[in-house]
DNA sequence: TATGAATGAGTTTTCATTCAT
DNA sequence: GATGAATGAAAACTCATTCAT
């Protein structure tokens, strides 16, 4: 799976150059989370074990680096969705596993730090379309199947699931690890069960709505 | 209400100095949201219409400014809780109004931008204890009353409500305004209804747990 | 005269700030000539005796500094033309003095170092229009009067004089000081005398043509 | 002629290496003129279509590249002088053709960009002696013959012609193409005619003086 | 008290140069 | 020989902070 992921990233680099590129992205991800997205790029280079010039050769500015990290994050999200779908016995449990797993990705921690304009620019970048579509497809499959199984309430669409996913993704770091989150997730899942509570306002959110709201990015 | 809020802030300034202070906080809040918490303080001063020297006289460093903005945010949160409690006919509807209202405060947008260490330091600052206690008290009251009314499931505590509140607070800006949020909130509220779904894992979260997780900060 | 020159430069600065600005321009002019237009701006600041930040506050980039130096150069050129016109007994001698004096300004040494695009941008800047017009006016007066006196050949216009001026301005530094230049200038002046040699090709160049060719810039 | 020129450059390279060397010099000449002599060598290599390593193999530093370009320039100058001398019917017309042709070489555009120290170093380099001597010889021949013919005033020497040549060479790019230059050249030629105007100050400049002043370099 | 000019440390960024492939 | 990846020194540039006016 990891291999498949990597194959979608820029290729055609000499083996050593490729390895350096990956080291840089890993270091950047770590430091962005630890110290904020304004860490000196010097420090990123140092942690990656390369010269600052090498970093700049691959990533002409901070934004390019953020984009690369975001792309990797999205790969993880797609992995999570596809694995859940594949490994769980039924669609409802796949949905549960997916939502619970989103928290651990800590994706929002990064997105939330971006200023709105940059955030928008990153989202608009076309590098992410394909991979984002994979997430969408998986969510769509799980939602429809769970409804056919009578496990998921009928008046929600895949877009609604994506919204809940986003909420999990953006959970602040200090809560993300704790046991309290598990309870909150269960409250949501209870609210999603078929035959529960009052009808929701408006229309079920479709995959297209979802496309507008999916996180990071 | 606004007046009451202001009285809790530093006082004893000459009227014009006081006005300058407020202009600065407002400008800072706007710019932190627009451009990130790293906006040049020069720019904050310019937007506030004061000299950079004046800004420094009131706020010895960026952290002091962040603290002031956070404090104001927390005042808004307390306002929201107390007003809901006072104006709604019953506790369940007060809870609903409170959760729905959290989104509009856009509080998390700022907190989420802080690096973990700074975030921790701000939370620990003692300026916020009193006002945070007000939020806690209101939540506690609403929760217990709603359970007594048989409207809220019995296995949740005020801490659980606070978690849901936090989720709403941290909702990313691009989603915060949309109609999709309303649906997500309703899903959660459905999950909170008495007699719904499966029991939650672990113990109901108390006000003390809540204290650890409340946002902004 | 120097005073008049200064009054045309940006004003409204505190006295000390104004003095610093001037020190920077002087230092820049010296170093651009000594070391090329790529001298580290650090060095300019050091020679001016100010911090690098001060330099950047007044001149947001190297181009702004070049523009300021160029403006000063042009002031010197106008001074030269006007002084010659005022102090010489007749227009022909004023022209001679003007042409001979151009060499000493060393103006071209700077312009010639600019890459074409930058050069064009500087020329286009509107800061220089007024002062350039002064040069044009003086040249026009001298030319017409010298022709009325029967000293200057009739088939040249002020634009032709400006061309010769430009040639002198762009004389390379290693020749500019030497005695050889004097001889070359005299050859030109001989060629300008009334009744000499063959007619020139094309039309006499007017002040408008001149406007297109005047140097530095 | 072009072939003869090339034969004087370093030889003994494999055919492909030789071709690469020439591509680099051509690219360098273009970019030096377009962007200034500080253009990144990376860019020179790219325009030449070779790797940066290849460039460095041939030219150990920027100065070597400048020297090569200058050398080529000087070859063109010698070509111009020798061709004029050979093809024109008499020495006066050869001189005229030579002076008029200098403008098109755009040689000064490069020299003028050098800082004084580098300029001096390049001039001093011994690579250029032989080729510069060719220019000198041609000028000397034309001057003496034109004076013998009674066409050129007697009180100028070949050094004076060289000075006028230099003036033409250093003409700024924005003027070099225009029709105005032709008029200026004619003014000079008129000033050079036998029997014209007043005597020149000082002594006629010899070939030795000329050696000191000839451009590029 | 308010102002904004000055400062320089800290970052970003570029590019000449080396060297493994 | 050719290539282009890596390097890091040097230059550009920003901005928090101080302090004279």
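Chains as they are written, first to last, in the working numbering: chain A, 1 to 217; chain B, 1001 to 1217; chain C, 2001 to 2217; chain D, 3001 to 3217.
Idealized CB from N, CA, C, for every residue including glycine.
Just so you know, these numbers come straight off a predicted model, no measurement behind them.
Which residue comes first and which comes last in the alpha helix (DSSP H) that contains residue i?
i	result
residue 98/A	91 to 105
residue 1068/B	1062 to 1087
residue 1203/B	Run containing residue 1203/B: none; DSSP gives neither H nor E here.
residue 1170/B	Residue 1170/B -> no alpha helix (DSSP H), and no H or E assigned at all.
residue 45/A	41 to 48
residue 32/A	15 to 35
residue 183/A	180 to 192
residue 1196/B	Counting along the chain, residue 1196/B falls outside any alpha helix (DSSP H), and DSSP gives it neither H nor E.
residue 146/A	129 to 148
residue 1157/B	No alpha helix (DSSP H) contains residue 1157/B, which DSSP labels as neither H nor E.
residue 1112/B	That residue, residue 1112/B, is in no alpha helix (DSSP H); it is neither H nor E in DSSP.
residue 53/A	52 to 58
Out of curiosity, what's the CA-to-CA distance linking residue i and residue j?
i	j	result
residue 1045/B	residue 118/A	23 Å
residue 2014/C	residue 2020/C	10 Å
residue 294/A	residue 69/A	Residue 294/A lies beyond the stretch modelled for chain A, which goes from 1 to 217, so this question has no answer here.
residue 3043/D	residue 2115/C	16 Å
residue 2188/C	residue 2128/C	28 Å
residue 16/A	residue 61/A	21 Å
residue 2034/C	residue 3181/D	30 Å
residue 2202/C	residue 2155/C	9 Å
residue 3152/D	residue 2071/C	41 Å
residue 200/A	residue 102/A	24 Å
residue 3108/D	residue 3170/D	4 Å
residue 1022/B	residue 87/A	56 Å
residue 2150/C	residue 3149/D	31 Å
residue 121/A	residue 157/A	27 Å
residue 123/A	residue 63/A	12 Å
residue 3133/D	residue 53/A	47 Å
residue 1083/B	residue 93/A	40 Å
residue 217/A	residue 30/A	With a pLDDT of 44 at residue 217/A, under the threshold of 50, the modelled position of that residue is not reliable, and the figure given next carries that caveat. Each residue's Cα considered, the two are about 17 Å apart.
residue 2018/C	residue 2049/C	14 Å
residue 3036/D	residue 1036/B	39 Å
residue 2104/C	residue 3104/D	26 Å
residue 2147/C	residue 3195/D	22 Å
Does at least one heavy atom of the ligand SAM sit under 6 Å from the Cβ of residue i?
i	result
residue 149/A	With respect to the ligand SAM, the structure offers nothing, as it holds no ligand at all.
Would you grab the beta carbon distance between residue i and residue j for me? Rounded to a whole angstrom, and I think it's under 8 Å.
i	j	result
residue 85/A	residue 142/A	6 Å
residue 197/A	residue 1193/B	5 Å
residue 206/A	residue 1172/B	In fact, because the Cβ distance is near 20 Å, the residues do not count as touching under 8 Å.
residue 2057/C	residue 2027/C	Not a contact, Cβ separation roughly 15 Å.
Can residue i and residue j be called in contact, C-beta distance under 7 Å?
i	j	result
residue 1112/B	residue 1098/B	no
residue 1204/B	residue 1145/B	no
residue 2055/C	residue 2077/C	no
residue 1183/B	residue 208/A	no
residue 1066/B	residue 1059/B	no
residue 2075/C	residue 2131/C	yes
residue 3185/D	residue 3100/D	yes
residue 3191/D	residue 2191/C	yes
residue 3095/D	residue 3032/D	no
residue 38/A	residue 1038/B	yes
Count the CB pairs spanning the segment 2119 to 2139 of chain C and the segment 2166 to 2184 of chain C that are closer than 8 Å, and state whether there are at least three. Judged by pairs of C-beta atoms under 8 Å, the segment 2119 to 2139 of chain C does not touch the segment 2166 to 2184 of chain C, as fewer than three such pairs exist.
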